[in-house]
Every structure is written in C-alpha cells, then in structure tokens.
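> I'd like to ask some things about the structure below.
Numbering (this note's numbering), first residue to last: 4 to 308.
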C-alpha cells in the first residue's frame, strides 16, 4: 500500500514536471528571432545555477561530485542532447522534436546490449523495431521532405539515451544536486564555446537570417530576456518535480510517466501555434511511445526477477 501510494505521488510529480517543460518549450521560437542558441544556453545556465546552487548549499545538498570524471562524462551527453533538442525546437514542430528525444529508451537498450552485455529478449527486440518504424513515419524519406534538420531530434535521443546509461553505470551514489549542477555547467560551457566561436571569427550574424543555431551574441531585447528568464525558472521547477519523482519511487516506475511531455507539448503547440502532426506523424509518435513503454516495463520485470 505504501509502495503504491509512493508510486502515485511520484507519478504526479513526474507528470507535473513534464507538463511544465512541454508548456514552456513551446515558446523557444519566440526568442529565436532575437537571440541565438548559444546565447540562450549560456544565459539560462548562468541564471539557473545562480539560483539552484545557493539553494542546494543552504539546504545541505551535496554538490561536489564523488567521481568528477564520471559526472563530466554523463553531463556531456545529456547537455549535448539538449543542444540538439533546442536547435530543433526552434524550427520543427515540438511534437516531432519531442518524439525524437523520446527515442532515448530505444538507444539505451541498444547501447546497453552492445557495450554492457544486457540480455535482450524478443519483446525488447520487437520494441526496437516498433520504435524505429515510428521514426521512419516521422521522417518519411519517401515523401521528399527529408532534410538534415529532421535527424537532429533523433541525435538528441541518442545522446540523451547514452547520458541515461552513464547515469546508471558510472554515477551511482552521486546526488541529484551534483548531476543537475554538472548538467547546467556543461550546457553553459556549450553556450560559451558557441559564443566564443562567433566572436573570434568576427562573423556578423542575425538570428532572423542565420537561424537560431548559427547566431552569436545579440543585444538583449525585452522579448528575448523575458522568455529566457521564464524558460529558466519554469525549467528549474519542472526539473525539480521530476527529480523529486525519481527520489521517492523506482526509476522504472517513473520513466513511463515522462511521456506526459509529448501530450503537454503537443496540446500547447496546437493551442498556441495550431501545430498538429498529420495522421502518419501521429501514428509514428504513438509507435515511439509504445516502444519506450514496452522497454521500460520489460526492464522493470527483469529488475524484479
């Protein structure tokens, strides 16, 4: 009874966190006309760390890593996933980008089997085939609309998946505060590196011309500053909810509820931007979700066994 109550509580936290992220990520395109990806990541990370780290220290949360190399390794993959994710969100429908990110469980299974000897049964082989069928329906190369940017959400899923593997294999015993701090430090570093590139090359860039990915530092506008601050604060709150969910219930019981992100992101995209995937796109998203759920549930059963 206690376990079911804790699982229900964790589910509420996970769904709330993902609902917040799905909502706020819809507004990335509003700032993309004024500032670039690198400026956004640098400024948002600096702001989030400026709020989160003092709170963590006051509350006595451990921020210093037990194994710095492992945390850096894990942070690189998760932060790089977010670089790809936000680059895609600025130009592609968020439901498509979210579905690409949530191919992560498929990549977790493949990486774990290939490099860490995880046994793979027929159900998970079926799930991988199902998931990649969904990917093909989203990309639809035969439709003649396949572009390089279409693969970026899948890259986000690949890097996010390997970050999840690193968390489990290399970061056991690390505190949540340590992992959150490492993630935003590396993400901020990515932003600083991008800004440094444009500054040292002397390239004159304009987000409205060169795009969100290809723009250096721009003068702050009221619109860009407002949405960067809002993104940082809401993301921190959402991340806090998800972190709390993983603290009070088993990861395998929480992970399935992360797919609430797709519902939230798709709902708000329709409300605000009238974005709605076509029928085949919706089927592709459903297949990816189904594949992830099968993999998560089978992993839970193996853990119990």
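Every residue gets a Cβ at the ideal spot worked out from N, C-alpha and C, and that includes glycine.
As the structure is a computational prediction, the values presented were derived from the model and not from experiment.
Mind checking which residues open and close the alpha helix (DSSP H) that includes residue 38?
In the chain shown, the residue the question calls residue 38 occupies position 35. Note, residue 38: premise wrong, no alpha helix (DSSP H); not H, not E.
> For residue 274, is the classification buried or exposed, using 16 other Cβ atoms within 10 angstroms of its Cβ as the cut-off for buried?
Position 271 of the chain shown holds residue 274. Counting Cβ neighbours within 10 Å, residue 274 comes out exposed, since fewer than 16 surround it.
> Indicate the three-state DSSP secondary structure (helix, strand or coil) for residue 174 in the structure shown.
Position 171 of the chain shown, counting from 1, holds the residue named residue 174. Of the three classes helix, strand and coil, the one that applies to residue 174 here is coil, per DSSP.
> Thinking residue 294 and residue 130 are a contact (beta carbons under 8 angstroms), I'd like their distance in whole angstroms, please.
On the chain shown, residue 294 is found 291 positions in, with the first residue counted as 1. On the chain shown, residue 130 is found 127 positions in, with the first residue counted as 1. Correct: roughly 4 angstroms between the Cβ atoms.
> Please report the straight-line C-alpha distance between residue 50 and residue 96, rounded to a whole angstrom.
Your numbering for residue 50 matches position 47 in the chain shown. Your numbering for residue 96 matches position 93 in the chain shown. Going by the C-alpha atoms only, they are around 27 angstroms apart.
> Would the beta-carbon of residue 25 fall within 7 angstroms of that of residue 267?
In the chain shown, counting from the first residue as 1, residue 25 sits at position 22. In the chain shown, counting from the first residue as 1, residue 267 sits at position 264. Contact flag set, yes.
> Kindly list the residues whose CB is nearer than 7 angstroms to the CB of residue 157, restricted to its own chain and excluding five residues on each side of it in sequence; keep chain order.
Your numbering for residue 157 matches position 154 in the chain shown. Taken in chain order, the residues that qualify are 103, 106, 138.
> Measure the C-alpha to C-alpha separation of residue 66 and residue 201 and round it to an integer number of angstroms.
Working through the chain shown from its first residue, we reach residue 66 at position 63. Working through the chain shown from its first residue, we reach residue 201 at position 198. Rounded to the nearest angstrom, the two C-alpha atoms are 32 angstroms apart.
> For a minimum of 4 consecutive residues, which ranges assigned as the alpha helix (DSSP H) are wholly contained in the stretch 200-281?
Entirely contained in the stretch 200-281, the alpha helix (DSSP H) runs reaching 4 residues are, in chain order, 210-213, 225-251, 254-257, 263-276.
> When the Cα atoms are used, what is the spatial distance from residue 141 to residue 134?
On the chain shown, residue 141 is found 138 positions in, with the first residue counted as 1. On the chain shown, residue 134 is found 131 positions in, with the first residue counted as 1. The alpha-carbon atoms of residue 141 and residue 134 are separated by roughly 11 angstroms.
> With H, G and I counted as helix, E and B as strand and the rest as coil, what does DSSP make of residue 47?
Position 44 of the chain shown holds residue 47. Three-state DSSP puts residue 47 in a helix.
> Which whole-angstrom value is the C-beta distance of residue 193 and residue 44, which I expect to be below 8 angstroms?
By one-based count along the chain shown, residue 193 stands at place 190. By one-based count along the chain shown, residue 44 stands at place 41. Residue 193 to residue 44, Cβ: 6 angstroms. Contact.
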